[in-house]
Amino acid sequence: MQSKPTLDTILAHRSIRKFTNKPIAPNIMQTLLEAGSRASTSNNLQCVSVIRVTDAALRAELASASGMKYVAECAEFWVFCIDFQKHKQICPNAQLDWAEVSLIGAVDTGIFAQNVLLAAESLGLGGVYIGALRNQIEQVADLLKLPQYCVPLVGLCLGYPAHDPALKPRLPQALFCYENAYPENLDEQVLDSYNQTLSQYYLERTGTALVWQAGLEKALNQPVRPHILPFFHKQGLLKK
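In this note's numbering, the protein residues as written are 949 to 1188.
Given below as structure tokens:
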């Protein structure tokens, strides 16, 4: 099992949505899970569980729930869950309804999932996260038989790449790294330059030149999954 250098892997990240039929060997999957489990975790809470979905019918239902067909097409589909169920069993008096607990769970689960994908990419695999599972979060939880104090945060399609997409341009560091304090104003010149780069990327990929603002408006100028908070409450989380 040969892996690429860490920085080379990180800086070459692209979302992969088309996969070959080649399966992922069991020893590689064990390595990916080990990489995830070695991620940083607040107070050693290790509040993450992974559901490996191998049933084809269940995959199809999750693909339908998320609207992402590659959930059913990839070699492996894993769902990363914020999981405090085991903690409640071990520590019955645990106060899990505080907002901070859910934040810890989301951070730990995200770091775990990122470790898995980086390890996968270093071994020649590709993947794409499926946040759209949260569009139907209660249905997904029911399909996966998740207990109370457990929330499906994000899915991950994994497999061997069948395409080689271009790197998507990221914000220049001047727009996200600040010294000592947050600036009063955005650097419009830097933002304009980024928009030009991003619009060219989208023009080549989709035939439509889009700037960053267009993506922000599509994602944020509307109610954003208003069913999430009630679902967390139902699961015994994020109540105060």
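Note that the Cβ used here is the ideal one computed from N, Cα and C, for glycine as well.
inquiry  = So, with DSSP's three-state summary, where would you put Y1077?
reply    = The residue you call residue 1077 lines up with position 129 of the sequence shown. Y1077 falls in the strand class under three-state DSSP.
inquiry  = Within 8 Å, do at least three Cβ pairs link the stretch 1121 to 1136 to the stretch 1092 to 1112?
reply    = Contact between the stretch 1092 to 1112 and the stretch 1121 to 1136 is absent, because fewer than three Cβ pairs lie under 8 Å.
ask   = Hey, would you say C1029 sits closer than 9 Å to T1057, going by beta carbons?
value = As a working note, residue 1029 is residue 81 in the sequence shown. As a working note, residue 1057 is residue 109 in the sequence shown. Yes. Within cutoff.
query = Closest by CA to S1012, which one among T954, I1078, T1145?
reply = Translated into positions along the sequence shown, residue 1012 becomes position 64. The shortest Cα separation from S1012 among T954, I1078, T1145 belongs to I1078.
key: Residue burial classification, A1067 (beta-carbon count within 10 angstroms, cutoff 16)   = What you label residue 1067 is simply residue 119 of the sequence shown in a count that begins at 1. When all chains shown are included, A1067 counts as buried.
message = My assumption, with CB atoms under 8 Å, is that Y1126 sits in contact with V1076. Please give the rounded CB distance.
response = Counting from one through the sequence shown, the residue named residue 1126 turns up at place 178. Counting from one through the sequence shown, the residue named residue 1076 turns up at place 128. Approximately 30 Å separates the beta-carbon atoms of Y1126 and V1076; this is outside 8 Å, ruling out the contact.
request  = Using DSSP bridges, identify the partner residues of F1028.
outcome  = Position 80 of the sequence shown holds residue 1028. As DSSP reads the structure, F1028 sits in a beta bridge with V998, V1102.
task = Would you please state the rounded distance, in angstroms, between the beta carbons of C995 and I1052? I believe it to be under 8 Å.
result = Taking the sequence shown and counting its residues from 1, one reaches residue 995 at position 47. Taking the sequence shown and counting its residues from 1, one reaches residue 1052 at position 104. Contact holds; Cβ gap of about 7 Å.
key: Environment of V1172 [buried if 16+ CB atoms lie within 10 Å]   = Here residue 1172 corresponds to residue number 224 of the sequence shown, with the count starting at 1. Under this definition V1172 is an exposed residue.
Whole alpha helix (DSSP H) elements within the stretch 959 to 996, 4-residue minimum = 974 to 985
inquiry  = Measuring straight from C-alpha to C-alpha, what distance separates L980 and D1031?
reply    = Locating residue 980 in the sequence shown gives position 32, where the first residue counts as 1. Locating residue 1031 in the sequence shown gives position 83, where the first residue counts as 1. Rounded to the nearest angstrom, the two C-alpha atoms are 19 Å apart.
Bridge partners - G1107, DSSP secondary structure assignment = As a first step, residue 1107 is located in the sequence shown; it is residue number 159 there, counting from the start. DSSP, once it has assigned bridges, lists G1074 as partnering G1107.
ask   = Could you give the C-beta distance for L1185 and L1091, rounded to a whole number, given that I count them as a contact under 8 Å?
value = The residue given as residue 1185 occupies position 237 in the sequence shown. The residue given as residue 1091 occupies position 143 in the sequence shown. Contact doesn't hold; Cβ gap of about 19 Å is too wide.
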